[in-house]
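Heads up: the sequence lines are chains A and B, in that order. The UniProt record's numbering puts the first sequence at residues 1 to 271. The UniProt record's numbering puts the second sequence at residues 1 to 271. The beta carbon of each residue, even a glycine, is placed where N, CA and C say it ideally should be.
2 protein chains.
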Amino acid sequence: MTTQQLYEQIQQKQSFLCIGLDTDMNRIPEHLLQTEDPIFEFNKAIIDATHDLAVSYKPNTAFYEAHGLKGWHSLEKTINYLNQKHPEVFTIADAKRGDIGNTSAMYAKAFLQDMSFDSVTVAPYMGKDSVSPFLAVKNKFTILLALTSNEGAFDFQTQQVGNEELYKKVIKTSQTWESSENLMYVVGATKAEFFKEIREITPHSFLLVPGVGAQGGSLQDVCKYGMNDKVGLLVNSSRGIIYASQGEDFAPAARAAAQKLQQQMAKLLHV
Amino acid sequence: MTTQQLYEQIQQKQSFLCIGLDTDMNRIPEHLLQTEDPIFEFNKAIIDATHDLAVSYKPNTAFYEAHGLKGWHSLEKTINYLNQKHPEVFTIADAKRGDIGNTSAMYAKAFLQDMSFDSVTVAPYMGKDSVSPFLAVKNKFTILLALTSNEGAFDFQTQQVGNEELYKKVIKTSQTWESSENLMYVVGATKAEFFKEIREITPHSFLLVPGVGAQGGSLQDVCKYGMNDKVGLLVNSSRGIIYASQGEDFAPAARAAAQKLQQQMAKLLHV
Numbered sequence: 001m002t003t004q005q006l007y008e009q010i011q012q013k014q015s016f017l018c019i020g021l022d023t024d025m026n027r028i029p030e031h032l033l034q035t036e037d038p039i040f041e042f043n044k045a046i047i048d049a050t051h052d053l054a055v056s057y058k059p060n061t062a063f064y065e066a067h068g069l070k071g072w073h074s075l076e077k078t079i080n081y082l083n084q085k086h087p088e089v090f091t092i093a094d095a096k097r098g099d100i101g102n103t104s105a106m107y108a109k110a111f112l113q114d115m116s117f118d119s120v121t122v123a124p125y126m127g128k129d130s131v132s133p134f135l136a137v138k139n140k141f142t143i144l145l146a147l148t149s150n151e152g153a154f155d156f157q158t159q160q161v162g163n164e165e166l167y168k169k170v171i172k173t174s175q176t177w178e179s180s181e182n183l184m185y186v187v188g189a190t191k192a193e194f195f196k197e198i199r200e201i202t203p204h205s206f207l208l209v210p211g212v213g214a215q216g217g218s219l220q221d222v223c224k225y226g227m228n229d230k231v232g233l234l235v236n237s238s239r240g241i242i243y244a245s246q247g248e249d250f251a252p253a254a255r256a257a258a259q260k261l262q263q264q265m266a267k268l269l270h271v
Numbered sequence: 001m002t003t004q005q006l007y008e009q010i011q012q013k014q015s016f017l018c019i020g021l022d023t024d025m026n027r028i029p030e031h032l033l034q035t036e037d038p039i040f041e042f043n044k045a046i047i048d049a050t051h052d053l054a055v056s057y058k059p060n061t062a063f064y065e066a067h068g069l070k071g072w073h074s075l076e077k078t079i080n081y082l083n084q085k086h087p088e089v090f091t092i093a094d095a096k097r098g099d100i101g102n103t104s105a106m107y108a109k110a111f112l113q114d115m116s117f118d119s120v121t122v123a124p125y126m127g128k129d130s131v132s133p134f135l136a137v138k139n140k141f142t143i144l145l146a147l148t149s150n151e152g153a154f155d156f157q158t159q160q161v162g163n164e165e166l167y168k169k170v171i172k173t174s175q176t177w178e179s180s181e182n183l184m185y186v187v188g189a190t191k192a193e194f195f196k197e198i199r200e201i202t203p204h205s206f207l208l209v210p211g212v213g214a215q216g217g218s219l220q221d222v223c224k225y226g227m228n229d230k231v232g233l234l235v236n237s238s239r240g241i242i243y244a245s246q247g248e249d250f251a252p253a254a255r256a257a258a259q260k261l262q263q264q265m266a267k268l269l270h271v
């Protein structure tokens, strides 16, 4: 997928919503627990109920790995379902990987080639050669952690390195790497005032924005400071949508929650 | 396992060798490719041939994930084999994970509880709440990336944050976190001169040291600057041992390569 195709999808759906498939066995409605693969059945129902409202889906690998082989199988089934039934959506493996070069190449193979995700999140701490193998995969995107939405973001990411914060240094440095046009960045919504300066450093990149909803970030503020002329934002919501109800009506309830966000987004696309 | 037990094992085996099970399907001897699970058969043979010479084994999860479900199964079989046949060895899931709190808790469950690794490597970029769920698991260790052995380490890790390098800030800050006694650190052998200052910050922690051998680090220098009164070092070798031969003699060849390192280590334990 190209960013132009992503932009067209955003225009068509009037949405820049990413739904986080952080599917937790303890929060899956009871009636699904009898099925052979409750995690996949849950994801499938959520996807079926929301795919016209969301442009992107983002399974976080931790929730799948927590169930070992069975969970890994659910992840594979989920991405296969997305790729086959809804090839227009932008898929993100929220894996936060990163290792020395030959090892990162293995992760790139796993997520971008074998499972055919459109993108994967990557941690920047190990520097250029830990990210390059992901960037080298054509027509795929590497979403680098810049400024995350959690409290721990202030431990290191916002520390001054020379005359700028570490997360800015990460963005600036990564823009000099080969195939940097394949980069996107994670920037948490809980720090909306930071978007203005980030857009000065990287006006054109798509930003993946967690932290709206459960974590307290404001959609309006994110758009005010973060939106560019090709939108340039994917705003993620996980728990607020997928656990809108834990009863048998979980899928229509998820749709209603997604629709609420989509309608706000549609307005913000026309400000 | 406690660090005291690890120290006793080091004394008994006269070794502080960690063997990296970075098992690459393309480098497995041909005669194993006919077996049902070549990766596990390879690991099993390496472990059987070296377990009296090494105190620790470290599968890097990337090499297993690269084969999807099948690879994940090989990883589970490998850790089960280690836990059952060689419960005295210190096992490391080299996973370099790290995410927001509730998500890191899922990774901690996967690696430290379900698979029962003794430890897991974690990336520090997302700060305290991304590491705490790992630290909270009793009698297990969190091995935080501090200064890695790759070229990209100089992109961010060695940048000045205030009046010290980022990797020092990571070590110092993490020492203030709850259950910090469960912390170890990754420090690359390729930067042996850095060990002196690291030991001033963290005199007692075990350091996991990659980069001896293939990546050019000197075992003597690492010991000179990094060893403490409880040894405090786990020196990793992966490719130099497990691919010492790619023929049918790969296991005895691995043993010979491991023995060479172990004999050097035995001498260094008595300097």
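N- and C-terminal bounds of the beta strand (DSSP E) containing residue 20 (chain B): Looking at the DSSP string, the run of the beta strand (DSSP E) that includes residue 20 (chain B) is 17-21.
Chain B contact residues for residue 164 (chain A), given Cβ-Cβ distances below 8 Å: Against residue 164 (chain A), chain B offers no close residue; the least beta-carbon distance is about 10 Å (beta-carbon pairs closer than 8 Å).
Supposed contact pair residue 146 (chain B) and residue 187 (chain B) - C-beta distance, whole angstroms, cut 8 Å: At roughly 5 Å, the Cβ-Cβ gap stays under 8 Å, so residue 187 (chain B) and residue 146 (chain B) are in contact.
When B:107, B:148, B:250 and B:196 are compared against residue 61 (chain B), the one with the closest alpha-carbon: When each option's Cα is compared against that of residue 61 (chain B), the closest is B:107.
Residue environment, residue 103 (chain A), which counts as buried when at least 16 other CB atoms sit within 10 Å: Around the beta carbon of residue 103 (chain A), a 10 Å sphere encloses 16 or more other beta carbons of the protein chains shown; the residue is thus reported as buried.
Coil, strand or helix - residue 76 (chain B) by DSSP: Residue state, collapsed to three classes: helix.
Beta-carbon gap between residue 6 (chain B) and residue 237 (chain B) smaller than 8 Å: Contact flag unset, no.
Residues in the stretch 61-74 of chain B having any Cβ partner in chain A nearer than 7 Å: Within the stretch 61-74 of chain B, the residues whose Cβ lies closer than 7 Å to some Cβ of chain A are 62, 63, 65, 66, 68, 69, 72 and 73, listed in chain order.
The stretch 200-219 of chain B / the stretch 246-260 of chain A touching (three or more Cβ pairs under 8 Å): Contact between the stretch 200-219 of chain B and the stretch 246-260 of chain A is absent, because fewer than three Cβ pairs lie under 8 Å.
Spatial distance of residue 162 (chain A) from residue 265 (chain A) (CA atoms): For residue 162 (chain A) and residue 265 (chain A), the distance between alpha carbons rounds to 37 Å.
Local Cβ density within 10 Å of residue 91 (chain A), reported as buried at 16 or more and exposed below that: With 16 or more other Cβ atoms within 10 Å, it is buried.
Every unbroken beta strand (DSSP E) inside the stretch 191-250 of chain B [3 residues or more]: You should have 207-209 and 233-237.
7 Å CB neighbourhood of residue 179 (chain B) in its chain, flanking five on each side removed: Result list for residue 179 (chain B): 135 and 136, in chain order.
Unbroken alpha helix (DSSP H) run spanning residue 131 (chain A), endpoints: 128-135 is the extent of the alpha helix (DSSP H) around residue 131 (chain A).
Pairwise C-alpha distance: residue 231 (chain B) and residue 262 (chain B): Residue 262 (chain B) and residue 231 (chain B): Cα-Cα distance of roughly 14 Å.
Proximity winner among B:155, B:138, B:177 and B:124, relative to residue 153 (chain A) (alpha-carbon distances): Closest option to residue 153 (chain A), Cα to Cα, is B:124.
Interface partners of residue 101 (chain B) on chain A, CB under 9 Å: Chain A residues near residue 101 (chain B): 150, 151 and 152.
Beta-carbon proximity check, residue 167 (chain A) vs residue 175 (chain A), cutoff 8 Å: In this structure, residue 175 (chain A) does not lie closer than 8 Å to residue 167 (chain A) by Cβ.
Where residue 69 (chain B) sits in the DSSP three-state scheme: Three-state result, residue 69 (chain B): helix.
Beta-carbon proximity list for residue 116 (chain B), same chain, < 6 Å, skipping 5 on both sides: So the list reads 83, once near-sequence residues are dropped.
Own chain residues within Cβ distance below 6 Å of residue 46 (chain B), not counting five before or after: If we look at residue 46 (chain B) and ignore the five residues flanking it on each side, its Cβ neighbours are 242 and 254.
Proximity test, residue 221 (chain B) beta-carbon vs the ligand FMN heavy atom, cut-off 7 Å: Inclusion of the ligand FMN in the displayed structure is not the case, the ligand content being empty and no account of it being possible.
Beta-carbon separation (whole angstroms), residue 118 (chain B) vs residue 1 (chain B), contact threshold 8 Å: Yes, they are in contact, since the Cβ atoms of residue 118 (chain B) and residue 1 (chain B) sit about 5 Å apart, within 8 Å.
Neighbouring residues, chain A, relative to residue 184 (chain B) (Cβ below 9 Å): Within chain A, no residue comes near residue 184 (chain B); the closest Cβ sits about 16 Å away, beyond 9 Å.
Three-state class that DSSP yields for residue 114 (chain A) in the structure shown: Residue state for residue 114 (chain A) is assigned as helix, using DSSP reduced to three classes.
Proximal residues, the stretch 124-152 of chain B versus chain A, C-beta separation under 8 Å: Contacts with chain A (Cβ-Cβ distance below 8 Å) from the stretch 124-152 of chain B involve 124, 125, 126, 127, 128, 129, 130, 131, 145, 148, 149, 150, 151 and 152, listed in chain order.
For residue 220 (chain A) and residue 267 (chain A), the rounded distance between their alpha carbons: Whole-angstrom Cα-Cα distance: 10 Å.
Interface flag, residue 110 (chain A) vs chain B, CB-CB below 8 Å: True, the Cβ-Cβ gap to chain B drops below 8 Å.
Residue range of the unbroken alpha helix (DSSP H) whose run includes residue 3 (chain B): Where residue 3 (chain B) is concerned, the enclosing alpha helix (DSSP H) starts and stops at 3-13.
Residues that DSSP places opposite residue 38 (chain B) in a beta bridge: Answer is none; residue 38 (chain B) lacks a bridge partner.
First through last residue of the alpha helix (DSSP H) which encompasses residue 125 (chain A): Note, residue 125 (chain A): premise wrong, no alpha helix (DSSP H); not H, not E.
Exposed unless 16 or more other CB atoms sit within 10 angstroms - verdict on residue 35 (chain B): Around the Cβ of residue 35 (chain B), a 10 Å sphere holds fewer than 16 other Cβ atoms; the residue is exposed.
Three-state secondary structure assigned by DSSP to residue 54 (chain A): Looking at residue 54 (chain A) - three-state DSSP - the assignment turns out to be coil, as it is neither helix nor strand.
is_contact[residue 97 (chain A), chain B] using C-beta, thresh 8 Å: For residue 97 (chain A), the answer is yes, since a Cβ of chain B falls inside 8 Å of its Cβ.
Proximal residues of chain B, C-beta to C-beta of residue 173 (chain A) below 9 Å: Result: 155 and 156.
Which residues DSSP lists as bridging residue 59 (chain A), in chain order: DSSP lists A:21 as partners of residue 59 (chain A).
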